[in-house]
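Written below as structure tokens is the structure these notes are about.
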Amino acid sequence: MEGKRSIAHMDLDSFFVSVERLYDSRLNGKPILIGGSGDRGVVASCSYEARRYGVHSAMPMRTARQLCPEALIIRGDFEKYSQKSMEVTEVIREHVPLFEKSSIDEFYIDLSGMDRFFGCFKLAHELRQKIIRETGLPISLGLSGNKTVSKVATGEAKPNNEKQIPNGEEKPFLAPLSVRKIPMIGEKTAQTLYNMGVKKVHTLQQMPSELLEATFGKNGKMIWEKANGIDHAPVTPYSEAKSLSSENTFEQDTIDTQVLEATLIAMCEQLLSKLRKKGQLTACVSVKIRYSDFDTHTMQQRIPYTSADHTLLPIVKELFRKLYNRRLLIRLIGVRFSNLVYGNYQIKLFEDSQEQINLYQALDRLNTKYGDKTVCRAVGINVGRRKFNPFNGLETQ
Numbered sequence: 000m001e002g003k004r005s006i007a008h009m010d011l012d013s014f015f016v017s018v019e020r021l022y023d024s025r026l027n028g029k030p031i032l033i034g035g036s037g038d039r040g041v042v043a044s045c046s047y048e049a050r051r052y053g054v055h056s057a058m059p060m061r062t063a064r065q066l067c068p069e070a071l072i073i074r075g076d077f078e079k080y081s082q083k084s085m086e087v088t089e090v091i092r093e094h095v096p097l098f099e100k101s102s103i104d105e106f107y108i109d110l111s112g113m114d115r116f117f118g119c120f121k122l123a124h125e126l127r128q129k130i131i132r133e134t135g136l137p138i139s140l141g142l143s144g145n146k147t148v149s150k151v152a153t154g155e156a157k158p159n160n161e162k163q164i165p166n167g168e169e170k171p172f173l174a175p176l177s178v179r180k181i182p183m184i185g186e187k188t189a190q191t192l193y194n195m196g197v198k199k200v201h202t203l204q205q206m207p208s209e210l211l212e213a214t215f216g217k218n219g220k221m222i223w224e225k226a227n228g229i230d231h232a233p234v235t236p237y238s239e240a241k242s243l244s245s246e247n248t249f250e251q252d253t254i255d256t257q258v259l260e261a262t263l264i265a266m267c268e269q270l271l272s273k274l275r276k277k278g279q280l281t282a283c284v285s286v287k288i289r290y291s292d293f294d295t296h297t298m299q300q301r302i303p304y305t306s307a308d309h310t311l312l313p314i315v316k317e318l319f320r321k322l323y324n325r326r327l328l329i330r331l332i333g334v335r336f337s338n339l340v341y342g343n344y345q346i347k348l349f350e351d352s353q354e355q356i357n358l359y360q361a362l363d364r365l366n367t368k369y370g371d372k373t374v375c376r377a378v379g380i381n382v383g384r385r386k387f388n389p390f391n392g393l394e395t396q
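Residue numbering for the sequence shown follows numbering that gives the first Met the number 0, starting at 0 and increasing by one per position.
Written out as structure tokens, the structure reads:
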């Protein structure tokens with residue numbers, strides 16, 4: 000029989016705002032919005048004082064300013080936030096054997112088996128206090144037997160507090176909560192549930208899983224399991240990626256610039272989708288070409304932090320055009336994104352519009368669910384292992 004698990008979830012409270020307040024105490028107690036100041040900007044983070052006015056992350060900045068006109072707007076600094084995130088990461092790394100960093104401000108920690116030595120909640124409590132002392136940042140904690148319940152518990156503990164859900168009490172804890180509290184239930188899924196008369200988790204728990212599967216497909220079973228406090232997902236060991244790259248060696252050396260650019264675009268799309276999935280941003284782009292005589296050249300460019308296709312693709316294509324000056328056959332082409340930082344809110348959030356962000360998130364969901372290149376730019380559709388057939392769906396080459 001598998002032993003009982005103890006999974007802690009820690010989430011830094013209003014992380015971007017908290018970091019800004021470390022550097023400027025005059026911001027304490029005031030409504031703060033982090034993000035682009037223009038009308039098309041989006042709120043990356045907001046203080047609890049601003050949330051009282053109905054402001055929330057990913058809201059258009061124009062709407063946020065209307066709801067809370069006295070709020071102070073700060074553009075934000077991903078490099079600064081990433082550095083503080085790493086400080087928290089190092090404290091956790093020093094004190095636990097296994098943890099997962101799921102975003103710039105969120106961690107899962109596997110404390111299974113530690114009860115016999117210290118007591119899991121005592122250990123998690125002491126770790127949280129150490130993080131607060133050493134970094135100056137507020138952080139909330141949830142502890143239970145799995146990731147889902149611990150994440151919900153953290154949300155209920157906020158701000159800057161902690162909550163334990165003992166083994167066997169998962170269902171009673173979740174039952175009175177809104178269905179929106181369950182991870183993976185977003186606005187559209189919640190609206191469908193509301194239309195079915197389901198507003199509280201208690202109702203979800205009593206529904207047949209088959210009914211949810213009929214409504215939401217395979218996600219329906221996952222929703223039912225999470226609502227009932229069931230989650231077997233493991234804590235994935237954390238490792239810090241310094242860069243993300245892709246290379247393609249052609250079967251036949253080519254001089255066709257259309258093929259070369261299409262290959263670059265296809266590689267970039269897949270890498271950027273991975274970046275956004277991991278909640279990361281890049282500040283340096285490199286393009287590499289290797290001619291048929293094995294002469295290899297690389298060119299890179301520093302950029303503002305982003306993971307947006309429409310920002311990076313023109314840069315990648317321009318780097319390629321500057322590099323490709325010998326007009327010889329090309330054997331290999333590659334692209335690399337480096338100087339990575341965690342930016343949980345993804346895209347070029349300080350500038351991009353809500354429509355652009357929604358588009359990228361929708362594309363990423365489709366490509367995650369159905370496989371890479373389910374949806375991609377037409378120029379790269381025949382590059383790689385998949386292409387889309389309008390009559391048969393995904394077709395493997």
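From the three backbone atoms N, C-alpha and C, an ideal C-beta is built for every residue, glycine too.
Go ahead and label residue i buried or exposed: buried means 16 or more other beta carbons lie within 10 angstroms of its beta carbon, across all protein chains shown.
i	result
His-55	exposed
Lys-187	exposed
Phe-117	exposed
Arg-127	buried
Tyr-80	buried
Thr-248	exposed
Lys-372	In this predicted model, Lys-372 has a pLDDT of only 49, less than 50, meaning its place in the structure is not dependable; the value taken from the coordinates is given anyway. Its Cβ being crowded by 16 or more others within 10 Å, Lys-372 is buried.
Asn-145	buried
Leu-136	buried
Leu-110	buried
Ile-254	exposed
Lys-167	It should be noted that the sequence gives Gly, not Lys, for residue 167. It is exposed - the Cβ of Gly-167 has fewer than 16 other Cβ atoms within 10 Å.
Gly-400	Any answer about residue 400 is impossible in this case: the structure gives the chain only from 0 up to 396.
Leu-21	exposed
Ser-17	buried
Arg-304	Just to set this straight, residue 304 is Tyr in the shown sequence, not Arg. Flag for Tyr-304 reads buried.
Tell me whether residue i sits in a helix, a strand or coil according to DSSP, three-state version.
i	result
Met-206	coil
Met-85	helix
Arg-326	coil
Tyr-304	strand
Gly-219	helix
Leu-136	coil
Ile-288	strand
Leu-71	strand
Met-266	helix
Lys-198	coil
Ser-177	strand
Asn-94	Per the sequence shown, residue 94 should be read as His rather than Asn. Note: His-94 maps to helix in three-state DSSP.
Glu-350	Model confidence at Glu-350 stands at a pLDDT of 49, short of 50, so the residue's coordinates are unreliable; what they give is reported in the following sentence. Coil, per DSSP.
Ile-229	coil
Using a Cβ-Cβ cutoff of less than 6 Å, which residues in the same chain neighbour residue i once the five nearest sequence positions on both sides are dropped?
i	result
Glu-169	Val-148, Gly-228
Phe-120	Leu-142, Gln-163
Met-58	Val-42
His-8	Tyr-107, Gly-141, Ser-149, Lys-150, Thr-153
Cys-67	Pro-30, Ala-49, Tyr-52, Val-54
Ser-5	Leu-110, Ser-111, Cys-119
Cys-45	Leu-32, Val-54
Using C-beta distances below 8 Å, list every residue in its chain close to residue i, excluding the 5 sequence neighbours before and after it, in chain order.
i	result
Lys-129	Val-90, His-94
Glu-86	Glu-133, Thr-134
Lys-316	Glu-260, Leu-263, Ile-264
Ile-181	Thr-147, Val-151, Leu-173, Val-200, Leu-203, Ile-222, Lys-225, Ala-226
Gly-157	It is worth fixing the name first, because residue 157 is Lys in this sequence and not Gly. Only Asp-10, Asp-12, Ser-139 meet the Cβ criterion.
Thr-214	Thr-191, Met-195
Pro-175	Lys-199, Val-200, His-201
His-231	Asn-145
Can you give me the Cβ contacts of residue i inside the same chain, cut-off strictly under 7 Å, excluding the 5 residues immediately before and after it?
i	result
Asp-104	Asp-10, Leu-11, Phe-14, Ser-84, Asn-343
Ile-72	Leu-32, Ser-36
Asp-252	Ser-291, Leu-328, Ile-329, Arg-330
Leu-312	Ile-264, Cys-267
Tyr-323	Ile-288
Thr-88	Lys-100
Ile-184	Val-178, Ile-222
Where DSSP assigns a beta bridge to residue i, which residues make up the other side?
i	result
Thr-8	Looking at the sequence provided, one finds His at residue 8 rather than Thr. Paired residue(s): Tyr-107, Gly-141.
Thr-253	Ile-329
Thr-281	Thr-305
Leu-243	Phe-336
Thr-400	Missing from the structure shown is residue 400; the chain here goes from 0 to 396 and no further.
Tyr-341	Gln-279
Ile-33	Ser-44, Ile-73
Ser-102	Glu-105
Thr-248	Leu-331
Gln-299	Ser-285
Gln-128	In the DSSP output, where bridge partners are listed per residue, Gln-128 has none listed.
Glu-161	Leu-140
At least one CB of chain E closer than 7 Å to the CB of residue i: is that the case?
i	result
Asp-114	No chain E is present in this structure, which holds just one protein chain.
Task: Meets three-Cβ-pair contact criterion under 8 Å: the segment 237-249 and the segment 195-213 - done: The segment 237-249 is not in contact with the segment 195-213.
Open item on the list: Taking contact to mean 3 or more Cβ pairs, one atom from each stretch, closer than 8 Å, check whether the segment 62-71 and the segment 23-42 are in contact.
Closed with: A contact exists between the segment 62-71 and the segment 23-42.
Open item on the list: Does the segment 289-302 come into contact with the segment 259-278, if we say contact requires no fewer than three beta-carbon pairs (one atom in each stretch) closer than 8 Å?
Closed with: Between the segment 289-302 and the segment 259-278, the count of C-beta pairs closer than 8 Å stays below three; the two stretches do not touch.
Open item on the list: Check whether the segment 207-218 and the segment 229-236 touch, using three or more Cβ-Cβ pairs below 8 Å as the test.
Closed with: No: fewer than three Cβ pairs fall under 8 Å.
Task: Touch test, the segment 171-191 against the segment 15-35, Cβ-Cβ under 8 Å, three pairs minimum - done: The segment 171-191 vs the segment 15-35: no contact.
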